[in-house]
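This note's numbering puts the first residue of the sequence shown at 15, with every later residue one more than the last.
This report concerns only the one structure given below.
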Amino acid sequence: MAMTLEQLSAFVETVDKGSFKQASIKLGKHTSTVSGLIANLEAELGMELFVRKPRSLEITPKGTEMYRYARSVLRECDLLDVKANSLLEGLPSTFTIAVDSDLMGADVAKTCAKLVNKFPSIEFKIIAVDPMQVRSHVLNEQADMGFGIALFRGHHELTVADGYSFNVVMVASPQLDCKEKLVSLEQVRGMLQVSALFMKQTAQEDTHNLSSRTIYSNNLRNSIELIKHTEAWAMLPEFLCLKEIEAGELDKMYISPTASKRPNQWATEISWLTARPRNAVMDYMIDELAKLPNR
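So this is what it looks like as structure tokens:
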């Protein structure tokens, strides 16, 4: 068979538009040209694709079957063009980002979707991990880039850019009866604290742990569940636990008398290997993540 992409394109557009005339407008060709292309395609295939009526076209059952395959061929040809262009532009074939699982929300998902749309030929991978694993995945070259909660310290092999900041609140189990109360440090020391494991792993526990009894969690969403079912408290990103606070499943409390007016803040970070040359995909992702608003 010697069918051409031009014939397949004419066929698909005619099915989509419902007539030779409308297809010709879309393709920028004369109606007779589109009709001729399809007639030649039918001759090559040895089957009728349409039943021609005086005022309309009706696709045949065989035409319906061929339509699906024709669309697939045209789609693959488009991807071939995209892939060729990406190679000429020096774009990578794959791109992997390690994301802190606590930060995997709609905003990050939309950012990833924008990258997929802009670079459709790239095999894109998202790996959801805990805060410490974000950096380790980048350092071990399991990921091209990382996005996670800032770890309050640098690393000589990594370049780190600032992401968005977010408010951190003190929340407690309703069983502790601390709702909207200013709790003294002496009282806090006697309460069980659910602490972020990465604080211990980065030797920051002295600034984070205020209680004499502590349990650790490597996932902040899991910390929320622990507090809901245990007489405990924790420092948590407000955006992660706001729903539970509003539902009365967690109580907000204060340790500092100014906390309600000037809340504590943490930040996110974007990281990549300093020795790895940046490319257009990395630049795009860095810029898009840096645009995410503070919370």
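Beta carbons are placed, not taken as given, at the ideal position from N, Cα and C, and that holds for glycine.
Check your understanding: Considering only C-alpha positions, which residue in the set Gly177, Val197, Gly42 and Lys195 is nearest to Lys305?
Key -> Gly177
Exercise for review: Identify, in the order they occur along the chain, each residue of the same chain with its Cβ nearer than 6 Å to the Cβ of Val148, setting aside the five sequence neighbours on each side.
Suggested key: Ala112, Asp114, Gly160 and Gly162
Practice item. Check each candidate in Leu190, Pro75, Ala16 and Ala120 and name the one with the smallest Cα separation from Thr244. Key: Leu190
Practice item. Along the alpha helix (DSSP H) that carries Leu199, what are the first and last residues, could you check? Key: Leu199 to Arg203
Check your understanding: Between which two residues does the alpha helix (DSSP H) containing Pro145 stretch?
Key -> Pro145 to Leu153
Check your understanding: In this structure, does DSSP put Ala120 in helix, strand or coil?
Key -> Helix at Ala120.
Point to revise | Sub-7 Å separation of Ala164 and Glu90 beta-carbons | key: no
Practice item. Buried or exposed for Thr125, please, with buried defined as at least 16 other CB atoms from any protein chain shown within 10 angstroms of its CB. Key: buried
Review point. Which residues share a DSSP beta bridge with Pro251?
Key: DSSP lists Val182 as the bridge partner or partners of Pro251.
Check your understanding: Where does the unbroken alpha helix (DSSP H) through Gly50 begin, and where does it stop?
Key -> Thr45 to Leu59 is the extent of the alpha helix (DSSP H) around Gly50.
Check your understanding: Under a Cβ-count criterion, where at least 16 other Cβ atoms within 10 Å of its own Cβ denotes burial, should Gly168 be classed as buried or exposed?
Key -> Gly168 should be labelled exposed.
Exercise for review: Tell me, please, whether the stretch 40-60 touches the stretch 25-32 by the rule of three or more beta-carbon pairs shorter than 8 Å.
Suggested key: yes
Review point. Counting pairs of Cβ atoms below 8 Å between the stretch 211-219 and the stretch 280-298, do you hit three or more?
Key: no
Check your understanding: In whole angstroms, what is the alpha-carbon distance linking Asn223 and Gly262?
Key -> Cα-Cα distance, rounded: 25 Å.
Check your understanding: For Met299, which of Phe133, Ser209, Ile39 and Ser270 has the nearest alpha-carbon?
Key -> It is Phe133 whose Cα lies nearest to the Cα of Met299.
Check your understanding: Can you check whether the CB of Leu256 is closer than 7 Å to the CB of Leu234?
Key -> no
Practice item. Whole angstroms is fine: what's the gap from Leu129's alpha carbon to Val295's? Key: 8 Å
Check your understanding: Measuring CB to CB, does Val197 end up less than 7 Å from Met118?
Key -> No, the Cβ-Cβ distance between Val197 and Met118 is not below 7 Å.
Check your understanding: Hey, Trp247 and Ala186: beta-carbon distance below 7 Å or not?
Key -> yes
Review point. Among the residues of its own chain, which have a CB less than 7 Å from the CB of Phe166, if the five just before and after it don't count?
Key: Thr216 and Gln218
Review point. Excluding five sequence neighbours on each side, which residues of the same chain lie with their C-beta closer than 8 Å to the C-beta of Leu71?
Key: If we look at Leu71 and ignore the five residues flanking it on each side, its Cβ neighbours are Thr28, Gly32, Ser33, Phe34, Phe64 and Val65.
Exercise for review: Using 10 angstroms around the beta-carbon of Lys76, count the other beta-carbons present and answer buried if the total reaches 16, otherwise exposed.
Suggested key: exposed
Exercise for review: Can you give me the Cβ contacts of Leu240 inside the same chain, cut-off strictly under 6 Å, excluding the 5 residues immediately before and after it?
Suggested key: Val208
Check your understanding: Cα-Cα, which of Val87, Ala16 and Arg227 is closest to Glu56?
Key -> For the set Val87, Ala16 and Arg227, the Cα lying nearest the Cα of Glu56 is the one of Ala16.
Review point. Among Asn308, Arg290, Arg309 and Pro307, which has the Cα closest to the Cα of Ser153?
Key: Note that residue 153 is Leu in the sequence shown, not Ser. With distances taken between Cα atoms, Leu153 lies closest to Arg290.
Review point. Are there 16 or more other CB atoms within 10 angstroms of the CB of Pro68, so buried, or fewer, so exposed?
Key: Within 10 angstroms of the beta-carbon of Pro68 lie fewer than 16 other beta-carbons, which makes it exposed.
Point to revise | Residue range of the unbroken beta strand (DSSP E) whose run includes Met159 | key: Met159 to Ile163
**Study point:** Rounded straight-line distance, which links the Cα of Thr108 to that of Asp297
**Key:** When rounded, the distance between both Cα atoms is 15 Å.
Review point. Leaving out the 5 sequence neighbours to the left and right, which residues in its chain are closer than 6 Å to Val174 when beta-carbon positions are compared?
Key: Taken in chain order, the residues that qualify are Glu283 and Ser285.
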